[in-house]
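In mature numbering (1 follows the signal peptide of the UniProt record, and there is no 0), the protein residues as written are -25 to -1, 1 to 480. Note that beta-carbon positions come from the ideal geometry of N, C-alpha and C, so glycine has one too.
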Amino acid sequence: MPILIRAIAAVFFGCAVVAAQSAQAHSQPAAAVRAKGSQGVPPASLSAEAWRKRTQIDLGAFAEALRQNYIYAAYPDPARWRTWFDRTLASVQAELPLVRDEAGYRAVLSHLTAAFQDAHVAIRFDPSKPVPSNWPGFLARFDNGAYHITASRQANVIDSAEVSACDGKPMSWWIATISQYEVGLPDTLEVARNEAALRLFVDRGSPLRPRPAQCTIGGRSVALDWTPAPLKDINPIQRSWRGARVPEVSTRLVGSDGAWVKLGYFQPEDAAQARAFHAAIDAAPALRTKGFIVLDVRGNGGGPYNWFMAYLRGLYGQEYADHYATERLHIRAVYRLSPAYLKLDQEDVSEASNLKQPADPLYEINDAANDRLQKQAIASGRQIFRSMPIPFPASGTPPVSPVHAKVYVLTDYGCGSACIGFVDELKRFPGVRQIGLPTTVDSRSGTAVDIELPSKQATVMIAAMTRDGRIRDDNVSQVPSIRFPGDIRDDKAVESWFLREVAGK
């Protein structure tokens, strides 16, 4: 029963509770400024009353799914969680009168998702039915402490121009507002600021917050002309700035004496991806005598720890890797034994076998005993199963590293879940340096189960386990010691920068 830290391709991360009166205060200006951009949008097939009813039903089902599956609803302090959740749910339910269409439906459900500040609680809406959206002809992104224009189609607004304020409010107000309703992470986090910035100039019709009418861009006032947004063009741009990439695992030589290893996933989706990862593991020992090795985990959303540990053992050798890679051994997994989790647990075991998932002996030392104890817990009707603590291997004298190369791990906002765990482990290895951008964040929860809501328009993902003992705190990113100052999406620019500014020094 290995801990599977499943990657979530979702809309939100989690966020602070927002009072209903705050939503009501924002609803009027939001409706007022949308009048122009809403023209030409065909009327919804459902009435406003029907949308409110649908939202109420799905919200109720979402709440019940959380009570039945969410690890923190049952452990460690269910009474405290219920108090918090009842208050949070009441706040979100108070927004139901604002719902008039599908945009309102999505906004309210998303608000509940965001309240959890948990990357493993998320919602996925039917992608075949996008909500009509508007934009002013450009987007914004977070860039080295400021907010800059990107993807502009307006001649008078250039890419890279700084956005400093909108409607007389500083960018910090807009970022905080969007974060608490939609992003679901503290707006002190870089990844949250980037996500909120990407949403600022895309109006998806939420009645819970306003959209700006005038912004200060490049030091001058710009009136925003909201028109229908070309989502087929905008969505890929937003995903790319979030860190989404074509998944790839490969090894190639670069420069005069270096290697660039792309580790774009730790959860192969098929046999071809599994073969590619095994090939990278097999190629790793030959890299030990290089001048440098870049382990590129940009866009890696996570997966089982087994794959990255197999790579570390391939690169460093088992003795050295097992001596230093002990971060995950502090974890004692606690599972919510709901029917949805038990079904997922069996599916994961089958998937691991089909893809020839590598073993992780130190981490899996208690698996047989845990399987037996979990079955006993299920038979006795218990809700919670707490796995056995993992014994630490005798430390002894540190072995000599077989790797003579300088090792760098390259990260971006797309490195999440077990990818952050990979960085946790690598930073214990002497001499390894993190470069690029900060990772995203997660809480100690994991292994999300999928629950489809009654309307079949949305599926929620709910964390069914937590990791007691994890050293890294909730919602803390791994931050690079050498930051890339440009467009992290640009492979050629990143490689040139590395060869010039990092490897050459």
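Within a 10 Å sphere around the beta-carbon of PRO205 sit fewer than 16 other beta-carbons, which makes this residue exposed.
The region 285 to 296 makes contact with the region 240 to 259: 3 or more CB pairs, one atom from each, lie closer than 8 Å. For HIS95 against ALA438, the beta-carbon gap comes to about 4 Å, under 8 Å, which counts as contact.
Judged by their CB atoms, GLY479 and ALA393 are not nearer to each other than the 7 Å cut-off.
Ranked by how close their Cα comes to the Cα of GLU77, the residues PRO51, THR152 and PRO182 have PRO182 in first place.
By the 16-neighbour rule on beta-carbons within 10 angstroms, ALA115 is buried.
Here TYR310 is bridged, per DSSP, to PHE360 and MET440. GLY194 is positioned such that its CB atom lies no closer than 7 Å to that of PRO222.
For the 7 Å CB-CB criterion, GLY421 and LEU385 do not form a contact. Residues GLY230, SER231, ASP232, GLY233, ALA380, LYS381 and ALA478 of the same chain have their beta carbon placed closer than 8 Å to that of GLY266, with the five preceding and five following residues left out of the count. Within the DSSP secondary-structure output, VAL382 pairs in a beta bridge with ILE268. Excluding residues up to 5 positions away in sequence, HIS123, ILE124, ILE192 and GLY193 lie with their Cβ nearer than 7 Å to the Cβ of ALA136 in the same chain.
In the same chain as PHE252, and ignoring 5 residues on each side of it, the C-beta atoms closer than 7 Å to its own belong to VAL224, PRO243 and TRP282, in chain order.
Nearest in C-alpha terms to PRO111, of all of ALA54, THR163, ALA89 and PRO203, is PRO203. ARG419 and VAL197 have their alpha carbons spaced roughly 43 Å apart. Positions of the alpha helix (DSSP H) runs, each at least 4 residues long and wholly inside the region 66 to 95, are given as 77 to 89 in order along the chain. DSSP places ASN341 outside both helix and strand once states are collapsed to three, so it counts as coil. Sequence-distant Cβ neighbours of SER147 in its own chain, meaning closer than 8 Å and more than five residues away, are ASP162. A straight-line Cα-Cα distance of about 16 Å links ASP200 and ALA126.
Note: GLU244 is not bridge-paired with any residue in the DSSP secondary-structure output. With contacts defined as CB atoms closer than 7 Å, SER362 and ARG307 qualify as a contacting pair. With contacts defined as CB atoms closer than 7 Å, PHE91 and VAL435 fail to qualify as a contacting pair. A contact is defined here as three or more CB-CB pairs under 8 Å, and the region 458 to 465 fails this definition with respect to the region 59 to 77. ASP142 places its beta carbon less than 7 Å from that of GLN189. At the C-beta level, GLU400 and GLU302 come within 7 Å of one another. Cβ contact annotation for ALA40 (same chain, cutoff 7 Å, sequence separation greater than five): ILE426, VAL435 and ILE437, in chain order. When the beta-carbon positions are compared, GLY180 and VAL106 come within less than 7 Å of each other. With fewer than 16 other beta carbons inside 10 angstroms of its own, ASN131 counts as exposed. By the criterion of a C-beta distance shorter than 6 Å, GLU165 is surrounded in its chain by PRO413, once the five residues flanking it on both sides are discounted. Rounded to the nearest angstrom, the gap between the Cα atoms of LEU312 and SER154 is 32 Å.
Under the rule that a run must span 4 or more residues, the alpha helix (DSSP H) segments found entirely inside the region 111 to 173 read 146 to 153. Between GLN358 and ALA49, the C-beta spacing is below 7 Å. Closest option to VAL138, judged by alpha-carbon separation, among ALA285, LYS350, PHE176 and PRO102: PHE176. Counting the other Cβ atoms within 10 Å of the Cβ of SER20 gives fewer than 16, which makes it exposed.
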